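Undergrad: If you read the sequences in order, they're chains A and B. Numbering-wise, our numbering puts 119 at position 119 of the first sequence, and it's gapless, one number per residue. Numbering-wise, our numbering puts 476 at position 54 of the second sequence, and it's gapless, one number per residue. Structure incoming, see below.
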Amino acid sequence: MRLITKTTLWYLLLALMVFGVGGWMTYTQVKKEVKRETDYSLRSNMRMLINAIKEGSPIEALRNSKVEIRAIEAPTKPLEPRGYFSDTLALHPSPKIDALEPFRKLTAVRQINGQHYWISIIDVFIESDDMVQGVWRIMTRLFLLLSLVLLLFSFLISRQLLLPFRQILSAISRFDLRKQETLALPTTNTREFRELNQFVQSMTEKARNDYQLLKEFSENASHEIQTPIAVAQGKLELLQSQPNLQPEQLQLLQEAQSSLNKLSRLGQSLTLLTKIENQEFVEEKAIDFSALLQSNLSIFKELITLKGLRLKEHIDPQVRLPINRNMADLLITNLLKNAIQHNIENGWIRVKFEAQQLEISNSGIAPGLPTEQLFERFRKSQQSSASLGLGLAIVSKICERQNIKLRYLYENQVHMLKLNWN
Amino acid sequence: MKILIVEDEAALAANMQEYLGKGEMICEWAADFRLAEDKLINFVYDIVVLDLLLPHGSGLDLLRLLKKSQPETGILIISAKNALDDRLLGLELGADDYLTKPFHLAELNARLKAIWRRRKLQGHTRLIFEEIQLDTETHEVQVKTQLLTLTLKEYELLLFFISNKNRVLSRQTIAEHLWGDNVDFLDSFDFVYQHIKNLRKKINAAEGQDYIKTIYGMGYKFSKT
């Protein structure tokens with residue numbers, strides 16, 4: 001639910017309560033007024049009657065359905081000078097309506113020209129349910145009018161009022177950590193939005209700085225690790241050139257070198273994964289993926305042959321795909337290396353690229369764990385010593401970044417990696 | 423051949439100096455930007471081995487300086503593996519070649535000699551080792567008077583051996599020289615053995631001597647004795 005809808009609904013609920021209380025107040029006020037007016041008119045009628053009697057009109061002529069006059073003996077009680085009011089129920093003055101109605105009644109005893117008269121006047125009192133009905137009708141109409149105006153207002157004004165907010169939102173959604181351009185935030189005189197602007201500005205600035213630091217750290221770390229490795233490798237190389245080394249000593253040297261080599265590759269691969277995660281390879285252009293595949297394959301062909309593997313290939317020519325060039329290179333080499341490395345003796349490799357789908361299959365022994373786990377870092381189906389267990393992690397990370405659907409299928413000693421661009 | 427090594431890591435520079443010094447190279451070392459600048463202004467070198475990350479300045483600035491003051495000097499950049507942009511910029515600015523850390527000293531040696539041949543020995547591209555003659559321009563190899571037909575990899579292997587003659591080369595060093603990063607994942611270096619076997623066969627067929635000595639547990643050495 002939109003914020004403006006919510007506030008409007010709350011306002012309406014509040015208005016409903018105010019209108020309820022207001023209705024009750026109006027009702028009591030009107031009732032009081034009506035009573036006063038009725039009493040006033042009863043009094044003036046009384047005065048007119050008294051005057052008429054004074055002037056000698058016969059009391060029979062003055063009587064009617066609302067007025068009753070009787071000549072009486074002098075009362076024992078002292079006279080109430082203004083008379084007294086009472087509420088009563090009586091038949092409706094119109095004979096057609098056979099219903100009891102509330103009446104207001106003024107009764108007085110007066111001495112006029114030496115004779116005491118008992119005078120009583122009644123007047124129809126407006127029924128309270130009529131009044132309630134009237135107040136209710138007015139209140140509901142007012143409430144409806146208010147609702148209508150409020151809704152209209154909220155939809156029209158919110159568009160204008162919340163414009164800066166929407167602009168800030170879209171600026172945030174366009175924000176790119178890797179780009180150095182500042183956010184285009186709208187200028188506004190609304191305090192809340194100004195505060196939001198400042199907050200967004202400082203947050204993005206901080207995020208960018210942190211990202212930059214992290215990036216620098218990973219680059220520096222890689223560099224700093226490679227240097228001591230290079231030193232150690234160099235020392236071993238110098239050592240191996242020494243004369244009179246025994247075969248056992250050379251064997252030890254060789255093993256130390258290959259471990260160092262592995263350490264170095266490990267550092268490089270992890271840095272690479274970080275770089276892909278940090279989305280440092282973002283530039284995307286449609287490249288001739290078929291040609292790239294062919295050229296990478298030609299580099300590996302010799303190694304495939306030397307390893308005694310057969311290669312079957314079917315590549316659709318000139319298929320262009322939107323992918324970062326470095327990423328595509330990494331993707332293909334890691335897939336091919338994987339297929340060569342985890343193969344069997346006299347095995348085979350098949351590369352099929354057709355209809356925006358790349359399938360790289362190879363013969364190999366059954367994986368010791370569920371295939372999707374092979375995409376995790378340092379997961380190896382067999383402890384092949386040269387494998388770092390990072391190749392497929394890199395492949396999977398690239399596919400994730402480039403929106404390529406990646407699947408690992410295994411059946412009957414055939415491993416297949418399926419990449420789908422659709 | 424006179425070489426200046428510009429490298430802030432003393433141990434690394436010492437490795438290079440010691441390894442290259444055993445050959446026919448004279449190596450000097452500058453540990454930071456200022457020392458390197460000083461040396462480059464005062465002396466002339468055949469090749470400068472340049473680390474791009476230096477204290478007190480950027481290797482790229484030295485590269486620019488060098489291109490202006492000594493354009494005939496060869497430049498080999500060494501950089502961290504991931505500093506791809508710097509490396510490309512270096513090549514654009516006129517560096518001859520680059521190596522990424524960590525590298526094999528034998529590889530450095532071979533690259534330096536290749537730069538030397540390209541820059542200094544114009545029209546004199548014949549490498550001679552006993553009865554073997556190798557033309558680095560036409561890629562022709564001759565044993566005594568007979569021309570060998572070698573595959574590209576066999577030619578590269580022979581050139582690498584002659585560039586690093588009398589030095590022990592591990593199978594790994596050779597494999598990485600021939601195939602670059604693409605073999606780093608392979609356990610066995612049987613591939614190297616296959617190429618060496620073929621090369622030996624071809625040289626023997628031309629009645630050349632077998633100079634490729636197998637060093638047990640390690641690799642090979644190309645030497646007369």
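Virtual Cβ for every residue (Gly too), placed ideally from N, Cα, C. Every value quoted in this text rests on a predicted model; they were computed, and no experiment measured them.
What residues from chain B crowd round residue 253 of chain A, counting only those whose CB sits closer than 7 Å?
TA: The contacting residues are 640.
Undergrad: Please report how far the alpha carbon of residue 567 of chain B lies from the alpha carbon of residue 561 of chain B, in whole angstroms.
TA: Straight-line Cα distance between these residues: approximately 16 Å.
Undergrad: Please confirm whether residue 538 of chain B has its beta-carbon closer than 8 Å to some beta-carbon of chain A.
TA: With 8 Å as the cut-off, residue 538 of chain B does not count as an interface residue toward chain A.
Undergrad: Sorted by chain position, which residues of the same chain lie with C-beta nearer than 7 Å to residue 263 of chain A's C-beta, five sequence neighbours on each side aside?
TA: Result list for residue 263 of chain A: 229, in chain order.
Undergrad: Which bits of chain B does residue 250 of chain A rub up against, with CB to CB less than 7 Å?
TA: The contacting residues are 637, 638, 639 and 640.
Undergrad: Would you give the residue range spanned by the alpha helix (DSSP H) that residue 626 of chain B belongs to?
TA: Element bounds for residue 626 of chain B: 612-627.
Undergrad: Between residue 277 of chain A and chain B, is the shortest Cβ-Cβ distance under 8 Å, so that the two count as touching?
TA: It does not; no Cβ of chain B falls within 8 Å.
Undergrad: Measuring straight from C-alpha to C-alpha, what distance separates residue 164 of chain A and residue 285 of chain A?
TA: Distance between the alpha carbons of residue 164 of chain A and residue 285 of chain A: 34 Å.
Undergrad: Could you spell out where the alpha helix (DSSP H) holding residue 336 of chain A opens and where it closes?
TA: Here the alpha helix (DSSP H) through residue 336 of chain A covers 325-341.
Undergrad: Along the chain, where does the alpha helix (DSSP H) containing residue 441 of chain B start, and where does it finish?
TA: Where residue 441 of chain B is concerned, the enclosing alpha helix (DSSP H) stretches over 432-443.
Undergrad: Any chance the stretch 622-629 of chain B sits against the stretch 583-594 of chain B, with 3 or more Cβ pairs inside 8 Å?
TA: With the cut-off at 8 Å, the stretch 622-629 of chain B and the stretch 583-594 of chain B do not touch.
Undergrad: Counting Cβ pairs closer than 8 Å, one from the stretch 347-363 of chain A and one from the stretch 402-416 of chain A, do we hit at least three?
TA: As far as the Cβ criterion goes, the stretch 347-363 of chain A touches the stretch 402-416 of chain A, which means the pair count is three or higher.
Undergrad: Per DSSP, which residues does residue 115 of chain A bridge with? Please list them.
TA: Residue 115 of chain A is bridged to A:112.
Undergrad: Give me the DSSP bridge partner(s) of residue 348 of chain A.
TA: BP columns for residue 348 of chain A point to A:310.
Undergrad: Ends of the alpha helix (DSSP H) at residue 30 of chain A?
TA: Element bounds for residue 30 of chain A: 3-54.
Undergrad: Is residue 472 of chain B closer than 8 Å to residue 448 of chain B when the C-beta atoms are compared?
TA: Their beta carbons are not under 8 Å apart, which means residue 448 of chain B does not touch residue 472 of chain B by this criterion.
Undergrad: Can you tell me which of A:248, A:75, A:212 and A:210 puts its alpha carbon nearest to the alpha carbon of residue 637 of chain B?
TA: Residue A:248 is the option with its Cα nearest to residue 637 of chain B.
Undergrad: State buried or exposed for residue 589 of chain B, treating a residue as buried only when at least 16 other CB atoms are found within 10 Å of its CB.
TA: The residue in question, residue 589 of chain B, is buried, as its Cβ has 16 or more Cβ neighbours within 10 Å.
Undergrad: List, in chain order, every chain A residue whose beta-carbon is nearer than 7 Å to that of residue 622 of chain B.
TA: Those do not exist, as residue 622 of chain B stays about 17 Å from chain A at its closest Cβ, beyond 7 Å.
Undergrad: Can the beta-carbon of residue 185 of chain A be found less than 8 Å from the beta-carbon of residue 160 of chain A?
TA: Cβ atoms of residue 185 of chain A and residue 160 of chain A: not closer than 8 Å.
Undergrad: List, from N- to C-terminal side, the beta strand (DSSP E) runs of 3 residues or more that fit wholly inside the stretch 524-571 of chain B.
TA: Here the runs fully enclosed are 548-551, 554-557, 562-565 and 568-570.
Undergrad: At 9 Å on the CB atoms, spell out the chain A contacts of residue 613 of chain B, in chain order.
TA: What residue 613 of chain B touches in chain A: 302, 303, 306 and 307.
Undergrad: Please check the pair residue 22 of chain A and residue 139 of chain A, which I expect to be a contact at CB under 8 Å, by giving their CB distance rounded to whole angstroms.
TA: About 7 Å; that satisfies the 8 Å criterion.
Undergrad: Flag residue 441 of chain B as yes if its beta-carbon sits less than 8 Å from any beta-carbon of chain D, otherwise no.
TA: Note that chain D does not occur in the displayed structure, where the protein chains are A and B.
Undergrad: How close, in whole Å, do the beta carbons of residue 400 of chain B and residue 469 of chain B come, if the pair is a contact with beta carbons under 8 Å?
TA: This structure cannot settle anything about residue 400 of chain B, because the visible part of chain B is limited to 423 through 647.
Undergrad: When we look at the beta-carbon of residue 63 of chain A and count the other beta-carbons within 10 Å, is it buried (16 or more) or exposed?
TA: So residue 63 of chain A ends up on the exposed side.
Undergrad: Note down the Cα distance separating residue 395 of chain A from residue 270 of chain A, rounded to an integer number of angstroms.
TA: Approximately 13 Å between the Cα atoms of the pair.
Undergrad: Pairing CB atoms from the stretch 165-177 of chain A with CB atoms from the stretch 188-198 of chain A, are three or more of them under 8 Å?
TA: With the cut-off at 8 Å, the stretch 165-177 of chain A and the stretch 188-198 of chain A touch.
Undergrad: Compare the beta carbon distance of residue 377 of chain A and residue 389 of chain A with 8 Å and say whether it is the shorter of the two.
TA: Contact flag set, yes.
Undergrad: Using only the heavy atoms of the ligand MG, determine whether one of them is closer than 7 Å to the beta carbon of residue 284 of chain A.
TA: Summarising the ligand content, the structure contains no ligands, and the ligand MG is consequently not present.
Undergrad: Here's a check: name, in chain order, each residue in its chain whose Cβ is nearer than 6 Å to the Cβ of residue 53 of chain A, leaving out the five neighbours to either side.
TA: Same-chain partners within the cutoff: 112.
Undergrad: Name the DSSP beta bridge partners of residue 497 of chain B, please?
TA: BP columns for residue 497 of chain B point to B:470.
Undergrad: Residues in its own chain within less than 8 Å of residue 89 of chain A by CB, not counting five upstream and five downstream?
TA: Closer than 8 Å at the Cβ level, and outside the excluded window around residue 89 of chain A, lie 100, 101, 102 and 103.
Undergrad: Within 10 angstroms of its Cβ, does residue 18 of chain A collect 16 or more other Cβ (buried), or is it exposed?
TA: With fewer than 16 other Cβ atoms within 10 Å, it is exposed.
Undergrad: Please report whether the beta-carbon of residue 477 of chain B lies at a distance below 8 Å from any beta-carbon of chain A.
TA: False, the Cβ-Cβ gap to chain A never drops below 8 Å.
Undergrad: Bridge partners of residue 407 of chain A, per DSSP?
TA: The partner list for residue 407 of chain A (beta bridge, DSSP) reads A:418.
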